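Trainee: First the structure, then my questions, so here it is.
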């Protein structure tokens, strides 16, 4: 059995907060637990919050904003983006510098600490996950996995699901290639993005509107390590897009 | 807390098996549990298994097979597809008659009952879910949610995740539009595809190579109803694709 346990009672996260210390005060972690952290909490602890007043909109940002959105917000998005994948009105789907394809290059004002601010993705979410994992080991002696998640839309299907943007202390993909099913056929859909499945599972326990940014997933029994970069697919190899 | 409980001990599923009866013999279901069933078990119970020898490959199927795959298998895929979305060598991404976009239009030979057979998606996976839900209520008096799942690849990211192709007795989407965050901003990524997150969560408890086709998700406390058709997006409205 696997358990999804929300970590209730965390304060509003601020710059330089010790997320690992805050979590281990609230829950006794066990070896091989996976701690799932919402990107926004991680970004805030890392000071990845900008003031919109500090930006001046470029011509491109003004054009994309189309009088429907603050062009300075679009400017922030453009600076976080490596490539614009789609644009329609003021909606922008972009590839982030990490290689993730998502709305607004991950820039968000929901749950921002105050009006007029925007929260950016961590500079290196894998490093964020590794740092939290190391700090938990230091504080408690317990080795856990850590996943940093964000809510992404996706092609072909409505709505968002939470996915992994940073991973430490667990394998993000379960590779079943070479394993066979009961009658000896090689399994076809043989690489499972378990870090994304864990991210989505944790979201179920979070209660989005309540803002519980930390969820512990217990009972997975995964071993190995890896990074969220393994989930990113090179555009040329992406049969689906 | 949410629990993901694999239902171990199910036999190999055959045509006309009573899946609901088999499951309730192995686990005591509680109100608001969500029973997650792998598509292949549902398809086999519904007799959605074909013999490849019964098909003759069309010219299009022979062309797509490109000497790398049995063209009769491609023929089965073409007959299940409403639209070919991408093709590369013998790999085909197709929109199924239900509107799902996935590899091989959902046609699969892994875990097929015997060599030379292929398993097709249920004709109406929402109806499959509704039938199992009704049968469980009949047998036990307990109202549960039911999700039928399949493993889909997706654009922009490696690997598959399990998603919902049939839903009964729970809302597939959690609509947070209009709800506000702590400082009063309307939540942006405000429609969450929880049926897909539940599907992926259940996959974590399944142990893919072991072939546990049924997982109970307990503790969600969802109310409402809906169908997996709500997750399908019309191509014209799909900013991501």
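Chains as they are written, first to last, in our numbering: chain A, -3 to 237; chain B, -3 to 237. Ideal Cβ positions, reconstructed from N, Cα and C, are used throughout, including at glycine. Note that the coordinates shown come from a computational prediction; the quantities given were computed from them, not determined experimentally.
(1) What residue range does the alpha helix (DSSP H) around residue 151(B) cover?
(2) Tell me the residue span of the alpha helix (DSSP H) that contains residue 121(A).
(3) Just by C-beta distance, which residues in the segment 80 to 98 of chain B are closer than 7 angstroms to chain A?
(4) Quick one: give me the first and last residue of the beta strand (DSSP E) that residue 1(B) is part of.
(5) Can you tell me which of the three DSSP states residue 70(B) falls into?
(6) Please specify which runs of the beta strand (DSSP E), each continuous and at least 3 residues long, are wholly inside the segment 83 to 116 of chain A, giving them in chain order.
(7) With contact counted as at least three CB pairs below 8 angstroms, one residue from each stretch, are the segment 92 to 102 of chain A and the segment 142 to 151 of chain A in contact?
(8) Would you mind listing the alpha helix (DSSP H) stretches within the segment 23 to 52 of chain A that are 4+ residues and don't spill past its ends, in chain order?
(9) Using the Cα positions of residue 53(A) and residue 139(B), report the straight-line distance between them to the nearest angstrom.
(10) Could you have a look at residue 200(B) and say whether DSSP puts it in helix, strand or coil?
(11) Who are the neighbours of residue 229(A) on chain B, taking C-beta pairs under 7 angstroms?
(12) Have a look at residue 229(B) and residue 135(A) and give me their C-alpha separation to the nearest angstrom.
(13) Give the C-beta separation of residue 94(A) and residue 161(A) to the nearest angstrom, bearing in mind that I take them to be a contact with Cβ-Cβ under 8 angstroms.
(14) Looking at the structure shown, is residue 212(A) part of a helix, part of a strand, or coil, going by DSSP?
(15) Buried or exposed: where does residue 30(B) fall if 16 or more other Cβ atoms within 10 Å of its Cβ makes it buried?
(16) Sorted by chain position, which residues of the same chain lie with C-beta nearer than 8 angstroms to residue 201(B)'s C-beta, five sequence neighbours on each side aside?
(17) DSSP on residue 229(B), reduced to helix/strand/coil?
(18) For the alpha helix (DSSP H) containing residue 61(B), list its first residue and its last residue.
(19) Please decide whether residue 39(B) counts as near chain A, where near means a Cβ-Cβ distance under 8 angstroms.
(20) So which residues of chain B does residue 237(A) contact, with C-beta pairs closer than 8 angstroms?
(21) Between residue 190(B) and chain A, is there a C-beta pair that is closer than 8 angstroms?
(22) Using a Cβ cut-off of 7 angstroms, pull out every chain B residue sitting near residue 1(A), in sequence order please.
(23) Can you say whether residue 172(B) is buried or exposed, counting buried as having 16 or more other CB atoms within 10 angstroms of its CB?
(24) Hey, residue 169(A) and residue 188(A): beta-carbon distance below 8 angstroms or not?
(25) Buried or exposed, going by whether 16 or more other CB atoms sit within 10 Å of the CB of residue 121(B)?
(26) Candidates 195(A), 190(A), 34(A), 77(A): which alpha carbon is nearest residue 203(B)'s?
(27) For residue 75(B), which option in 51(B), 38(B), 234(B) has the closest C-alpha, if you only look at C-alpha atoms?
(28) Taking the alpha carbon of residue 10(B) as the reference point, which residue from 27(B), 32(B), 39(B), 28(B) has its own alpha carbon closest?
(29) Where does residue 34(A) land, buried or exposed, given buried means 16+ other C-beta within 10 angstroms?
(30) Could you work out which residues of chain A lie near residue 194(B), taking near to mean beta carbons separated by less than 9 angstroms?
(31) Once DSSP output is grouped into helix, strand and coil, what is the label at residue 77(A)?
(32) Is there a Cβ of chain A sitting closer than 8 angstroms to that of residue 216(B), yes or no?
(33) According to DSSP, simplified to helix, strand and coil, what is residue 224(B)?
(34) Taking only the alpha-carbon atoms, compute the straight-line gap between residue 69(B) and residue 114(B) and give it to the nearest angstrom.
(35) Mind reading off the beta-carbon distance from residue 218(B) to residue 141(B)? Whole number of angstroms is fine, and I expect it under 8 angstroms.
(36) Determine which residues share a DSSP beta bridge with residue 187(A) and list them.
Mentor: Taking the structure as given:
(1) Premise fails: residue 151(B) is in no alpha helix (DSSP H) and is neither H nor E.
(2) From DSSP, the alpha helix (DSSP H) with residue 121(A) extends over 121 to 136.
(3) Per Cβ criterion, the list reads 82, 84, 87, 89, 97.
(4) Element bounds for residue 1(B): -2 to 2.
(5) In the three-state DSSP reduction, residue 70(B) falls in the helix class (H, G or I).
(6) Runs of the beta strand (DSSP E) spanning 3 or more residues and lying entirely within the segment 83 to 116 of chain A occur at 87 to 92, 97 to 99, 113 to 115, in chain order.
(7) A contact exists between the segment 92 to 102 of chain A and the segment 142 to 151 of chain A.
(8) Entirely contained in the segment 23 to 52 of chain A, the alpha helix (DSSP H) runs reaching 4 residues are, in chain order, 35 to 41.
(9) Approximately 54 angstroms, taken between the alpha carbons.
(10) In this structure, DSSP gives residue 200(B) a helical state, which the three-state scheme calls helix.
(11) The answer, in chain order, is 152, 153, 154.
(12) So the alpha carbons of these two residues sit roughly 46 angstroms apart.
(13) Contact holds; Cβ gap of about 7 angstroms.
(14) In this structure, residue 212(A) counts as strand in the three-state DSSP scheme.
(15) The residue is buried, with at least 16 neighbouring Cβ atoms inside 10 Å.
(16) So the qualifying residues of the chain are 0, 1, 2, 208, 211.
(17) Here residue 229(B) sits in coil by DSSP.
(18) Residue 61(B) -> alpha helix (DSSP H) spans 55 to 61.
(19) With 8 angstroms as the cut-off, residue 39(B) does not count as an interface residue toward chain A.
(20) Think of a sphere of 8 angstroms around the beta carbon of residue 237(A): the chain B residues whose beta carbon falls inside it are 151, 152, 237, in chain order.
(21) It does: the Cβ of residue 190(B) has a partner Cβ on chain A nearer than 8 angstroms.
(22) Taking a Cβ-Cβ threshold of 7 angstroms, the residues of chain B close to residue 1(A) are -3, in chain order.
(23) Buried, by the Cβ-count rule.
(24) Taking 8 angstroms as the Cβ cut-off, residue 169(A) and residue 188(A) qualify as a contacting pair.
(25) Buried, because 16 or more other Cβ atoms sit within 10 Å of the Cβ of residue 121(B).
(26) Ranking the options by Cα distance to residue 203(B), first place goes to 190(A).
(27) Out of 51(B), 38(B), 234(B), 51(B) has the C-alpha closest to the C-alpha of residue 75(B).
(28) Restricting attention to 27(B), 32(B), 39(B), 28(B), the CA atom closest to the CA of residue 10(B) is found in 39(B).
(29) Residue 34(A) comes out buried.
(30) By Cβ distance, chain A contributes 196, 197, 200.
(31) In the structure shown, residue 77(A) sits in a strand (DSSP, three-state: E or B).
(32) Answer yes: the Cβ-Cβ gap between residue 216(B) and chain A drops below 8 angstroms somewhere.
(33) Reduced to three states, the DSSP call for residue 224(B) is helix.
(34) Spanning the two alpha carbons is a distance of roughly 8 angstroms.
(35) Confirmed, Cβ separation roughly 7 angstroms.
(36) Partner(s): 171(A).
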